[in-house]
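K.L.:
Here it is, the structure in full.
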Amino acid sequence: MYRTHVYRVILVAFLLVLSACSQESAPQTPTPTASGPMEQAAVTETAVSPRPTPTTQPTQTSTVLPPTAEPEPTSVPLGGIGVIGDSNSDEYRADDNRGGEYAAVTLNWIEQLAVSRGLNFGEWGTWDEPRRTGYAYNWSRSGANVHTMLSDGQVDGLAAQIAAGEVAYAIIYIGTNDFSPANGNYAQIYDGSMSDEDVAWKVNRFVADVEMAVSTLQAAG
5 MYRTHVYRVI LVAFLLVLSA CSQESAPQTP TPTASGPMEQ AAVTETAVSP RPTPTTQPTQ
65 TSTVLPPTAE PEPTSVPLGG IGVIGDSNSD EYRADDNRGG EYAAVTLNWI EQLAVSRGLN
125 FGEWGTWDEP RRTGYAYNWS RSGANVHTML SDGQVDGLAA QIAAGEVAYA IIYIGTNDFS
185 PANGNYAQIY DGSMSDEDVA WKVNRFVADV EMAVSTLQAA G
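Numbering (my numbering), first residue to last: 5 to 225.
Printed below as a string of structure tokens:
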């Protein structure tokens with residue numbers, strides 16, 4: 005409604021301008037005068053046909069470079085950052101090198117922060133389980149949940165790095181797989197087939213596992 009009103013106001017204003025122009029007398033033929041620098045410049049400007057603005061054409065140098073062995077970070081004065089998590093944090097440039105032909109620019113949030121902001125997630129390498137190829141302080145693995153982060157060694161591994169003085173900050177970013185419809189861990193809650201008691205048990209166990217992880221990391225440093 006507001007937009008229609010604006011259009012009507014513009015149309016009325018335009019008609020008023022046309023009406024005023026039609027009442028003016030025909031333009032008089034100007035008396036020739038001596039051409040100075042300004043007049044000559046004006047004539048030259050109107051005489052030249054407008055030229056299209058050139059656009060930059062893509063060249064072979066704009067193609068994506070082949071993927072390198074690892075993302076190259078730039079250093080900043082910040083302590084080591086450790087991460088516990090699942091596929092939301094597991095490196096894209098690990099042994100599966102996600103992204104296909106765009107692998108060189110396909111990075112997850114950890115890799116982006118390491119490359120563009122120089123945050124310290126440890127050196128890049130290939131590690132024993134429960135990790136694989138990636139940053140030394142990133143313990144995230146695809147498919148992990150709050151129970152397996154404890155049972156598979158993510159928490160203990162990061163706690164050891166904290167105790168050694170390598171890691172100053174810890175991030176726990178996990179829980180997607182505990183309530184994922186794809187894993188059958190949410191549908192029963194949604195459709196009501198899980199009892200209130202079972203839902204409460206599931207949530208309480210989730211909270212207890214996270215609290216255990218936090219307590220373990222705090223005790224390490």
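Cβ coordinates follow ideal geometry from the N, Cα and C atoms, glycine included.
Write down the C-beta distance between Thr180 and Asn92 rounded to the nearest angstrom, noting that I regard them as a contact closer than 8 Å.
P.N.:
Confirmed, Cβ separation roughly 6 Å.
K.L.:
Report the option in Ile178, Tyr96 and Gly138 whose CA atom is closest to the CA atom of Val211.
P.N.:
Answer by Cα proximity: Ile178.
K.L.:
How big is the Cα-Cα spacing for Gly127 and Glu215?
P.N.:
With the sequence shown as reference, residue 127 is identified as Glu, and Gly is not the correct amino acid for it. About 28 Å.
K.L.:
Using a threshold of 8 Å, state whether the C-beta atoms of Leu221 and Leu162 are closer than that.
P.N.:
The answer is yes: Cβ separation under 8 Å.
K.L.:
What residue ranges within the stretch 118-143 form continuous alpha helix (DSSP H) runs of no fewer than 4 residues, ordered along the chain?
P.N.:
DSSP runs (the alpha helix (DSSP H)) wholly in the stretch 118-143: none.
K.L.:
Could you work out which residue in Ala204, Ile175, Asn142 and Val150 is closest to Arg97 when comparing CA atoms only?
P.N.:
If we check each option's Cα against that of Arg97, Asn142 comes out closest.
K.L.:
Assuming Gly147 and Asp90 make a contact with CB atoms under 8 Å, what is their CB distance in whole Å?
P.N.:
About 7 Å; that satisfies the 8 Å criterion.
K.L.:
Tell me Ala174's beta-bridge partners as DSSP assigns them.
P.N.:
Looking at the DSSP assignment, Ala174 forms a beta bridge with Gly86.
K.L.:
Where does Glu215 fall in DSSP's three states?
P.N.:
Correct three-state label for Glu215: helix.
K.L.:
Please report the Cβ distance between Val207 and Ile85, rounded to the nearest whole angstrom; I am assuming they are in contact, meaning their Cβ atoms lie under 8 Å.
P.N.:
Their Cβ separation, rounded to whole angstroms, is 29 Å, which puts Val207 and Ile85 out of contact at 8 Å.
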